[in-house]
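Sequence lines, in order, name chains A and B.
Under our numbering, the first residue of the first sequence is numbered 136, with each subsequent residue one higher.
Under our numbering, the first residue of the second sequence is numbered 136, with each subsequent residue one higher.
The C-beta atom is built at its ideal place from N, Cα and C for all residues, glycine as well.
Small disclaimer: the values here were computed from a predicted structure and weren't measured.
Data block below; observations after.
Number of protein chains: 2
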Amino acid sequence: MAEDDSDLNVTRETTSLRQLVENRLRSAIGSGRFKPGQRLIERELCEQTGVGRTSIREALRQLEAEGLVTTIPHRGPVVSTITANEAAQLYDLRGLLEGYAGRECARRRDPAIIARLRKQFVRMGEVAGEQDRSNLLAAKTEFYAALLEGCGNAFVERFLKMLLNRVTVLRMTSMTQANRIGNSLSEIENILTAIENGDEEAAERACVLHIRNAAKVALEALARSE
Amino acid sequence: MAEDDSDLNVTRETTSLRQLVENRLRSAIGSGRFKPGQRLIERELCEQTGVGRTSIREALRQLEAEGLVTTIPHRGPVVSTITANEAAQLYDLRGLLEGYAGRECARRRDPAIIARLRKQFVRMGEVAGEQDRSNLLAAKTEFYAALLEGCGNAFVERFLKMLLNRVTVLRMTSMTQANRIGNSLSEIENILTAIENGDEEAAERACVLHIRNAAKVALEALARSE
DNA sequence: GCTTGACAGATTGTCTGATAAGCGGTCAAT
DNA sequence: ATTGACCGCTTATCAGACAATCTGTCAAGC
Numbered sequence: 136m137a138e139d140d141s142d143l144n145v146t147r148e149t150t151s152l153r154q155l156v157e158n159r160l161r162s163a164i165g166s167g168r169f170k171p172g173q174r175l176i177e178r179e180l181c182e183q184t185g186v187g188r189t190s191i192r193e194a195l196r197q198l199e200a201e202g203l204v205t206t207i208p209h210r211g212p213v214v215s216t217i218t219a220n221e222a223a224q225l226y227d228l229r230g231l232l233e234g235y236a237g238r239e240c241a242r243r244r245d246p247a248i249i250a251r252l253r254k255q256f257v258r259m260g261e262v263a264g265e266q267d268r269s270n271l272l273a274a275k276t277e278f279y280a281a282l283l284e285g286c287g288n289a290f291v292e293r294f295l296k297m298l299l300n301r302v303t304v305l306r307m308t309s310m311t312q313a314n315r316i317g318n319s320l321s322e323i324e325n326i327l328t329a330i331e332n333g334d335e336e337a338a339e340r341a342c343v344l345h346i347r348n349a350a351k352v353a354l355e356a357l358a359r360s361e
Numbered sequence: 136m137a138e139d140d141s142d143l144n145v146t147r148e149t150t151s152l153r154q155l156v157e158n159r160l161r162s163a164i165g166s167g168r169f170k171p172g173q174r175l176i177e178r179e180l181c182e183q184t185g186v187g188r189t190s191i192r193e194a195l196r197q198l199e200a201e202g203l204v205t206t207i208p209h210r211g212p213v214v215s216t217i218t219a220n221e222a223a224q225l226y227d228l229r230g231l232l233e234g235y236a237g238r239e240c241a242r243r244r245d246p247a248i249i250a251r252l253r254k255q256f257v258r259m260g261e262v263a264g265e266q267d268r269s270n271l272l273a274a275k276t277e278f279y280a281a282l283l284e285g286c287g288n289a290f291v292e293r294f295l296k297m298l299l300n301r302v303t304v305l306r307m308t309s310m311t312q313a314n315r316i317g318n319s320l321s322e323i324e325n326i327l328t329a330i331e332n333g334d335e336e337a338a339e340r341a342c343v344l345h346i347r348n349a350a351k352v353a354l355e356a357l358a359r360s361e
């Protein structure tokens with residue numbers, strides 16, 4: 136267990152092609168470059184990425200397992216769509232898991248995690264006024280990442296990451312992040328202070344409330360768009 | 136929505152080969168035919184299943200995404216092992232999710248689900264005395280399946296299925312199902328009656344308690360085996 | 001004896017090309 | 001308007017090939 140900070144751990148960046156493709160596709164879907172419902176034709180992906188069909192197909196299988204794409208037999212993969220009903224379930228579960236994560240963060244009070252959370256919160260405040268929302272979104276993403284890692288449960292972390300990917304796609308469907316993102320700042324502050332104070336109950340409640348509010352906005356927008 | 140029970144919905148049996156392979160491998164792992172830590176060599180799997188490498192590999196990618204196998208670069212896939220620490224996290228999350236499932240079952244009180252639960256519970260009682268535990272295990276599996284479906288949340292259902300698969304592998308690691316399975320009958324009865332009564336709190340508590348007890352036994356056995 | 005370096009075998013990672021099968025749309029015939 | 005045959009597109013799956021890389025071994029050197 137002799138791990139000092141002089142990190143010799145060389146994690147090779149040369150990941151497998153499949154892995155790269157997987158990440159590329161994931162972010163392409165998350166960013167809206169591939170829209171929900173859109174067909175993803177293997178041959179086209181081959182041309183666009185420059186890799187063989189093998190790697191494309193295997194990457195697609197993983198995304199399929201994550202629920203990000205749905206494969207229709209003999210028709211091919213499409214970017215997963217989501218119904219209002221499923222979206223509600225998604226947010227329900229997210230609330231449950233993120234509540235757990237918040238609670239655990241508050242219980243553990245890992246200084247490193249808290250520092251990361253606070254840093255991102257501060258950054259959110261700084262960039263909240265900007266026209267371009269991408270900085271704010273980035274800070275928020277980082278905040279969540281810290282929250283997930285902080286809960287100390289790899290399974291929760293993994294599942295929440297999956298759910299977040301799906302939520303991102305949902306945003307693409309219903310085009311609803313701009314207004315909401317500002318309002319949620321105070322909610323996030325509540326989460327942060329509860330964690331800093333080690334108040335498990337409050338942290339859980341704050342997380343759940345935060346997700347509930349997000350869910351409300353998203354579901355309304357989704358209903359409107361149908 | 137005119138769906139009567141004369142079900143014309145012909146869902147093709149002829150699933151894809153990849154799907155079949157995936158299920159085969161999953162159950163081979165779940166049944167202990169492939170043991171944790173064991174290497175799974177593609178070519179051997181090809182010979183054993185009689186399908187090409189493509190299908191094998193794609194099936195492996197899905198199992199990898201589920202966490203059931205771990206692929207070591209340029210070395211190949213192995214059946215995932217699990218540390219005591221991870222196992223504790225696994226059970227924590229399972230408690231959380233199954234608690235939710237129990238609560239939701241109690242809230243919804245779907246008669247069809249309740250009937251299934253009760254049926255399996257009765258069956259458990261009938262076969263509890265048998266020397267061969269497989270009937271009991273089957274009933275328990277069915278009971279869980281009904282509980283998961285009954286919660287009405289596809290995401291919860293899916294995640295819990297993943298976790299259950301991992302737990303099954305864990306059993307293979309620590310060889311500990313025989314004694315426990317009998318003791319849990321009364322716990323299961325508590326779950327069932329709480330759901331039948333529509334008592335959400337009690338259902339959640341009963342589920343969580345059930346998992347906690349299961350976790351304790353499993354973790355002790357796991358610790359002993361290390 | 002222990003470390004180092006080189007070598008060989010095993011296995012995956014990836015590509016290519018080929019064939020069969022299934023889905024969806026078109027279009028003529030009834 | 002419905003039916004049925006036809007056709008193109010795309011996947012599903014296979015076989016074979018080659019490079020990259022991991023692992024273990026074994027001899028050489030200190």
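Shown here, B:T206 sits in a strand according to DSSP, grouped into three states. The residue from A:A338, A:S309 and A:I191 with its alpha-carbon nearest to that of A:R359 is A:S309. In summary, A:V214 is buried, with 16 or more beta-carbon neighbours lying within 10 Å of its beta-carbon over all protein chains present.
The beta carbon of A:M307 lies closer than 7 Å to those of G167, K170 and P171 in the same chain, with the five residues before and after it left out.
Remark: C-beta atoms of B:A194 and B:R153 approach each other more closely than 8 Å. Assignment of A:G230 by DSSP, reduced to helix, strand and coil, places it in the helix class. Within the stretch 171-197 of chain B, contact with chain A at the beta-carbon level (separation under 7 Å) is assigned to R192, E193, R196 and Q197.
One thing to note: A:N348 has its Cβ within 8 Å of the Cβ of A:S319. Using a CB distance below 8 Å, the part of the stretch 226-248 of chain B facing chain A consists of D227, L228, L231, L232 and Y235, ordered along the chain. Rounded to whole angstroms, the separation of the alpha carbons of B:L198 and B:L180 is 14 Å.
Listed along chain A are A289, each with a C-beta nearer than 7 Å to that of B:E221. Scanning B:Q266, B:A163, B:L272 and B:V343 for the CA closest to the CA of B:R258 turns up B:L272. Per DSSP, reduced to three states, the secondary structure at B:P212 is strand. A:Q266 does not reach chain B, its nearest Cβ partner there being about 35 Å away, counting only Cβ pairs nearer than 7 Å. When rounded, the separation of the alpha-carbon atoms in A:E239 and A:L232 is 11 Å. A:L295 sits close to A:L283, with the two beta carbons spaced by under 8 Å. Within a 10 Å sphere around the beta-carbon of A:I207 sit fewer than 16 other beta-carbons, which makes this residue exposed. Between the stretch 248-257 of chain A and the stretch 320-333 of chain A, the count of Cβ pairs shorter than 8 Å is three or higher; the stretches touch.
Within the model, the alpha-carbon separation for A:I249 versus A:E331 is close to 7 Å.
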